[in-house]
Amino acid sequence: MLTQIASLYDPLGLLGSVIVKVKILFQVLWKLQLTWDEPVSIEIYNKWKSFRDRLEELNNVTFPRQICTVQFTSLQLHGFADASEVAYGACLYIRSSNFDQADKVVLVCSKSRVAPLKKLSLPRLELCAALLLAQLCQTIVKAFNVPFDKVVLWSDSTITLHWINTQPHRLKTFVANRVAVIQKISVQIEWRHIASHDNPADLVSRGLFPTDLIDNLLWIRGPRWLAEQEHN
13 MLTQIASLYD PLGLLGSVIV KVKILFQVLW KLQLTWDEPV SIEIYNKWKS
63 FRDRLEELNN VTFPRQICTV QFTSLQLHGF ADASEVAYGA CLYIRSSNFD
113 QADKVVLVCS KSRVAPLKKL SLPRLELCAA LLLAQLCQTI VKAFNVPFDK
163 VVLWSDSTIT LHWINTQPHR LKTFVANRVA VIQKISVQIE WRHIASHDNP
213 ADLVSRGLFP TDLIDNLLWI RGPRWLAEQE HN
């Protein structure tokens with residue numbers, strides 16, 4: 013398992029929605045505390061085999077090489093965060109436009125984490141996803157040589173958005189510590205709510221089989237409306 017997954021070179025996390033599925037399986041194995049020579053259960057073997065047999069389908073997955081439109085007049089960064097009971101993740105998209113072409117939206121990167129062994133509530137996992145997104149956004153903003161006209165981060169968790177807009181000293185320690193970091197990073201960033209069915213980060217928090225990634229426009233280009241002109 014380790015050898016085959018290590019062969020997937022994906023520093024930007026473009027395949028993050030697929031790889032997280034294996035991360036989740038690895039955590040299951042870790043909980044079992046198996047030795048290197050000890051066989052896994054039939055159930056785990058079948059899950060791995062089902063995934064492994066579809067790995068070759070990743071050869072049919074393509075991502076745009078060009079990030080921005082030519083001579084763009086507007087450049088925006090949009091990020092999405094989400095969590096499930098088993099993992100949480102974040103993904104970032106660049107939206108560019110000019111006068112001659114339709115707006116272009118491209119997946120830039122993603123990152124995921126398996127949920128900690130010590131069980132957390134879903135709202136707290138959603139907050140961890142928001143923190144991961146804020147940190148990933150900070151990295152991309154620093155790495156990009158051109159300033160963004162707008163940076164917007166999205167979450168489908170109303171509780172998380174409420175926490176982010178609350179003074180940390182009013183919150184419990186776990187939440188307060190993470191909110192303080194998010195607020196420090198997000199001084200010039202707008203946080204917005206997104207419907208769960210439009211949230212591409214849902215895919216990196218639950219995982220996809222390689223076959224499900226082929227032509228998956230929600231993952232590759234973000235929600236359909238992201239490429240449309242804003243009217244308010």
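If you're matching positions, the sequence shown starts at 13 in the numbering used here and goes up one per residue. Cβ coordinates follow ideal geometry from the N, Cα and C atoms, glycine included.
Item, Value
"How would you write the range of the alpha helix (DSSP H) that D224 sits in, first residue to last?", "P222 to L225"
"Going straight from the alpha carbon of F186 to that of L134, what length do you get?", "14 Å"
"Would you list, in sequence order, the uninterrupted beta strand (DSSP E) runs of no fewer than 3 residues that lie entirely inside the stretch 62 to 104?", "86 to 95"
"Give, in chain order, every unbroken run of the alpha helix (DSSP H) that is at least 4 residues long and sits entirely within the stretch 119 to 163.", "134 to 155"
"Here's the rule I'm using: 16 or more other beta-carbon atoms within 10 Å means buried, otherwise exposed. How should I232 be labelled?", "buried"
"Can you tell me which of the three DSSP states I106 falls into?", "strand"
"May I have the straight-line CA-CA distance separating A188 from E138, to the nearest angstrom?", "14 Å"
"How do the stretch 144 to 152 and the stretch 47 to 65 stand: do at least 3 beta-carbon pairs fall below 8 Å, yes or no?", "no"
"Hey, how far is the Cα of G25 from the Cα of R182?", "35 Å"
"Between which two residues does the alpha helix (DSSP H) containing W203 stretch?", "Segment E202 to H205 is the beta strand (DSSP E) holding W203; no alpha helix (DSSP H) there."
"What's the call for N157, buried or exposed, on a 16-neighbour Cβ count within 10 Å?", "exposed"
"Select from P222, L230, I194 and P180 the residue whose C-alpha is nearest the C-alpha of Q68.", "The sequence shown places Glu at residue 68, not Gln. It is P222."
"Kindly indicate which residue of V164, G234 and V117 has the alpha-carbon position closest to the one of S109.", "V117"
"How long is the line joining the alpha carbons of N244 and V126, rounded to whole angstroms?", "Its pLDDT being 44, under 50, N244 is placed unreliably in this model, and the value from its coordinates should be taken loosely. For N244 and V126, the distance between alpha carbons rounds to 37 Å."
"Is it true that the CB of D210 sits closer than 8 Å to the CB of D2?", "Lying before the first or after the last residue shown, residue 2 is absent from the chain, which here runs from 13 to 244."
"So what does DSSP say about K59, is it helix, strand or coil?", "helix"
"Who are V117's beta bridge partners in DSSP?", "R107"
"Is the number of C-beta pairs between the stretch 98 to 109 and the stretch 200 to 217 that are closer than 8 Å three or more?", "yes"
"By how many angstroms is the C-alpha of K130 removed from the C-alpha of L44?", "15 Å"
"Can you tell me which of the three DSSP states S252 falls into?", "Not covered by the structure: residue 252. The range shown for the chain is 13 to 244."
"Assuming the contact rule is C-beta atoms closer than 8 Å, D22 and Q88 should be a hit. Round their C-beta distance to whole Å, please.", "With a Cβ gap of about 24 Å, D22 and Q88 do not count as contacting."
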